[in-house]
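> Provided herewith is a single structure, encoded as structure tokens, for subsequent inquiry.
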Ligand SMILES: Nc1ncnc2c1ncn2[C@@H]1O[C@H](COP(=O)(O)OP(=O)(O)OP(=O)(O)O)[C@@H](O)[C@H]1O
Ligand SMILES: [Mg+2]
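Numbering (this note's numbering), first residue to last: 116 to 328.
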């Protein structure tokens, strides 16, 4: 079973948004996908409850209640929506559950400072240093041609981990979320710019660069 985790100790940076879209991406490829929600607010499970029956199925796992015990045995890809405010041993425990970790970051001075601390802690973990888990960052909710995005772009570009893409701020994410869908399941005429921005992410997820040797 493959484990893909979306993680950042900062709240509201897009963990559930990325996790639900990644789950749909793998489900669309025909994989058996489960989505584990560690958030006590159950954002990802709420989204899943809205998912239409005719779309590729995803199994929900209430990980904030009983961990990963109820993940079906035949799951091929487990997408993990990690909780905000994780540090120390809890963070270490979570990182042990994944081989692929994605960190979304918002263009805001507060989020960048929080990210600096979070990445500092993450990069110190043995599992990351030994490359037993591969890490990448994604800018989220960006507005092109703003100073704060330029600052985030420079900051993420300097990190020693792959900086995959900058996802624009778009109502498409809200639209998809409200319907239990992903950005990939919206009509092309609406979502093609988002599809283009997701390409480096899905390419990375499909490549050996996102998995330990
Ligand atoms: N690219 C985007 N464009 C527009 N809205 C977005 C985008 N990404 C996320 N959002 C919105 O921002 C809000 C926070 O996103 P999300 O719930 O995914 O963050 P989170 O990191 O899971 O938050 P929490 O820490 O509370 O679990 C949501 O309302 C979501 O719909
Ligand atoms: Mg969330």
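Ideal Cβ placement from N, Cα and C applies to all residues, glycine included. Values in this document were obtained by computation on a predicted structure and should not be read as measured data.
Our contact map puts residue 219 next to residue 126 with C-beta atoms below 8 Å; I'd like the distance itself, whole angstroms only.
Contact flag wrong, Cβ pair sits at about 12 Å.
> With 16 as the cutoff for other CB atoms within 10 Å, does residue 198 come out buried or exposed?
With 16 or more Cβ atoms within 10 Å of its Cβ, residue 198 is classed as buried.
> I'd like the span of the alpha helix (DSSP H) that includes residue 309, first residue to last.
303–321
> Who pairs with residue 161 in a beta bridge, going by DSSP?
Paired residue(s): none; residue 161 is not in a bridge.
> Inspect the CB distances between the region 151–167 and the region 221–236 and report whether three or more fall short of 8 Å.
no
> Are there 16 or more other CB atoms within 10 angstroms of the CB of residue 304, so buried, or fewer, so exposed?
exposed
> I'd like the ranges of any alpha helix (DSSP H) spanning at least 4 consecutive residues and lying wholly in the region 251–302.
262–273 and 286–293
> Using the beta carbon as the reference atom, which residues fall closer than 6 Å to any heavy atom of ligand 1, ordered along the chain?
126, 127, 128, 129, 130, 131, 132, 154, 158, 199, 255, 256, 282, 284, 285, 288, 289 and 292
> Give the straight-line distance between the Cα atoms of residue 289 and residue 208, rounded to the nearest whole angstrom.
Linking residue 289 to residue 208 through their CA atoms gives a straight-line distance of about 31 Å.
> Would you grab the beta carbon distance between residue 250 and residue 298 for me? Rounded to a whole angstrom, and I think it's under 8 Å.
Not confirmed; about 23 Å, so no contact.
> Is the beta carbon of residue 206 closer than 8 Å to that of residue 236?
yes
> In the DSSP assignment, find the unbroken beta strand (DSSP E) run with residue 172 in it and report its ends.
Counting along the chain, residue 172 falls outside any beta strand (DSSP E), and DSSP gives it neither H nor E.
> To the nearest angstrom, report how far apart residue 242 and residue 210 are at their CA atoms.
If you draw a straight line from the Cα of residue 242 to the Cα of residue 210, it comes to about 8 Å.
> Using a Cβ-based criterion (distance less than 7 Å to any ligand heavy atom), does residue 196 qualify as near ligand 2?
yes
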